[in-house]
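Single-structure report; data block below.
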Amino acid sequence: MANQPEGRWNACLLCLLILAGMLVHGCDDDHHNNLKENSPAKQISMDHPEIMQLLFRPIQVAKNTPPEGAIDIDVPVADGVTIACRLYGHAPSSSTLIFFHGNGEIIPDYDEIGPSYVREGLNFLVAEYRGYGWSTGTPLTSTLLPDSNAVFLFLTQWLKQQGYTGALFVMGRSLGSASAIDVAVNHSDELTGLIIESGFAKTLPLAKMLGVDLAVMGITEEQGFNNSGKIARFTKPTFILHGQYDQLIPLWQAETLQAESGAKNKELQIVPGADHNSLIAVAGPLYFQAIRKFVDKAAGTAPDWRERRRQFKAQQAARQAQQAAGNTP
């Protein structure tokens with residue numbers, strides 16, 4: 001079973017405790033007061049250097065060889081800017097998850113995890129951000145969501161051209177929850193459902209916990225990512241997973257997303273004993289099975305009771321045969 005990539009995920013989204021500590025020590029009260037006095041809210045944007053340091057930790061690497069069965073897709077989003085994506089494919093008729101990862105991760109981190117989705121009968125398509133992996137450009141808060149929407153549109157067209165006919169879901173982890181929720185709201189007609197792992201509802205409390213007081217800088221929740229406000233407008237099936245002991249994005253953030261979600265079919269799955277980066281390690285295969293169960297139900301591809309009974313009887317017969325073989329001299 002593939003474990004989450006601890007080395008890189010210890011630095012993920014919002015996993016910038018070291019940077020946060022540096023910001024706390026480097027920004028005393030006088031600095032914040034001067035910033036508030038000298039920089040009116042209209043002059044401060046989410047591209048402010050302190051905010052950028054909090055949100056992004058790009059890791060650049062040369063393109064590696066895709067695992068067997070995986071396909072690389074390069075998505076142009078602006079002049080000279082290309083976003084890398086990788087598809088771990090099961091079958092064109094299977095459901096596809098378009099996935100936006102955390103801020104300290106890159107595509108190769110999913111080369112062991114992607115096949116676990118494939119074994120569950122799902123296509124898993126990972127998208128990068130500017131400046132991550134072998135993507136070009138420089139990450140900016142102002143381009144994060146427009147890029148994510150452009151990537152989604154390109155990938156949906158690519159999938160159609162390649163003959164993929166299964167249901168489509170968007171999924172985001174940590175920082176990627178902002179991309180996934182924004183895409184879900186803007187392209188609801190294209191989607192069957194939304195999946196959020198270790199995501200956040202409120203931008204300002206999260207940033208403040210990590211050492212940057214956006215309110216002092218004149219940034220409002222609406223000027224941030226406004227995940228809770230957006231998810232209220234998405235009415236299709238929604239699945240939220242969160243670690244019980246997430247130290248970076250506390251559980252109340254997931255509970256707020258669940259409460260604010262506009263979906264009638266919505267579920268919050270809390271993984272007991274897991275923190276921000278250990279959901280897969282703690283839950284094991286149950287993590288992927290839970291996602292597949294949600295996808296099958298939302299897409300209407302779950303087997304009916306007759307099929308489930310047939311599968312159960314087949315499994316029972318197989319166990320009895322194994323027991324009988326073990327008792328044979």
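By UniProt numbering, the letter at position 212 of the sequence shown is numbered 212, and the numbering carries on one by one without gaps. Virtual Cβ for every residue (Gly too), placed ideally from N, Cα, C. Treat the numbers as computed from the prediction; the structure is a model and nothing was measured.
Residue i versus residue j - alpha carbon distance
i: residue 368; j: residue 139; result: The requested residue 368 does not occur in the structure, where the chain is confined to residues 1 to 329.
i: residue 314; j: residue 206; result: 49 Å
i: residue 165; j: residue 221; result: 38 Å
i: residue 110; j: residue 70; result: 11 Å
i: residue 300; j: residue 163; result: 20 Å
i: residue 229; j: residue 194; result: 15 Å
i: residue 288; j: residue 135; result: 28 Å
i: residue 62; j: residue 106; result: 11 Å
i: residue 236; j: residue 292; result: 16 Å
i: residue 324; j: residue 310; result: 21 Å
i: residue 316; j: residue 72; result: 41 Å
i: residue 182; j: residue 208; result: 22 Å
i: residue 254; j: residue 67; result: 33 Å
i: residue 259; j: residue 197; result: 16 Å
i: residue 158; j: residue 265; result: 29 Å
i: residue 91; j: residue 298; result: 18 Å
i: residue 36; j: residue 192; result: Note on residue 36: pLDDT 40, under 50, position unreliable in the model; no value is reported.
i: residue 150; j: residue 81; result: 12 Å
i: residue 171; j: residue 89; result: 16 Å
i: residue 326; j: residue 119; result: 29 Å
i: residue 154; j: residue 173; result: 21 Å
i: residue 302; j: residue 213; result: 46 Å
i: residue 146; j: residue 161; result: 23 Å
i: residue 238; j: residue 217; result: 33 Å
i: residue 34; j: residue 50; result: Residue placement at residue 34 is poorly supported in this model, since its pLDDT is 42, which falls under 50; the coordinates still yield a value, given next. Using only the alpha carbons, I get a separation of about 15 Å.
i: residue 250; j: residue 76; result: 35 Å
i: residue 54; j: residue 108; result: 23 Å
i: residue 64; j: residue 252; result: 38 Å
i: residue 29; j: residue 52; result: Low per-residue confidence applies at residue 29: pLDDT is 42, beneath 50, and the placement is therefore not dependable enough to give any value.
i: residue 246; j: residue 320; result: 42 Å
i: residue 74; j: residue 263; result: 33 Å
i: residue 278; j: residue 267; result: 20 Å
i: residue 167; j: residue 87; result: 15 Å
i: residue 318; j: residue 60; result: 49 Å
i: residue 113; j: residue 219; result: 36 Å
Opposing strand residues paired with residue i [DSSP bridges]
i: residue 60; result: 133
i: residue 96; result: 123, 168
i: residue 194; result: 170, 238
i: residue 87; result: 71, 125
i: residue 138; result: Answer by DSSP bridge pairing: none, since residue 138 is not bridged.
i: residue 78; result: 81
Whole-Å CB distance - residue i paired with residue j, under 8 Å assumed
i: residue 100; j: residue 148; result: 6 Å
i: residue 84; j: residue 133; result: 5 Å
i: residue 97; j: residue 169; result: 5 Å
i: residue 211; j: residue 177; result: Their Cβ separation, rounded to whole angstroms, is 20 Å, which puts residue 211 and residue 177 out of contact at 8 Å.
i: residue 248; j: residue 224; result: Not confirmed; about 17 Å, so no contact.
i: residue 144; j: residue 179; result: 7 Å
Pair within 7 Å by beta-carbon distance, residue i and residue j
i: residue 47; j: residue 142; result: yes
i: residue 269; j: residue 286; result: no
i: residue 95; j: residue 122; result: yes
i: residue 261; j: residue 231; result: yes
i: residue 234; j: residue 185; result: yes
i: residue 175; j: residue 103; result: yes
i: residue 244; j: residue 274; result: yes
i: residue 190; j: residue 156; result: yes
i: residue 256; j: residue 201; result: yes
i: residue 58; j: residue 131; result: yes
i: residue 271; j: residue 290; result: no
Heavy atom of the ligand MG within 6 Å of residue i beta-carbon
i: residue 93; result: Among the ligands in the structure shown, none appear at all, so the ligand MG cannot be discussed.
Entirely enclosed beta strand (DSSP E) segments - the region 242-316, minimum 3 residues | 266-271
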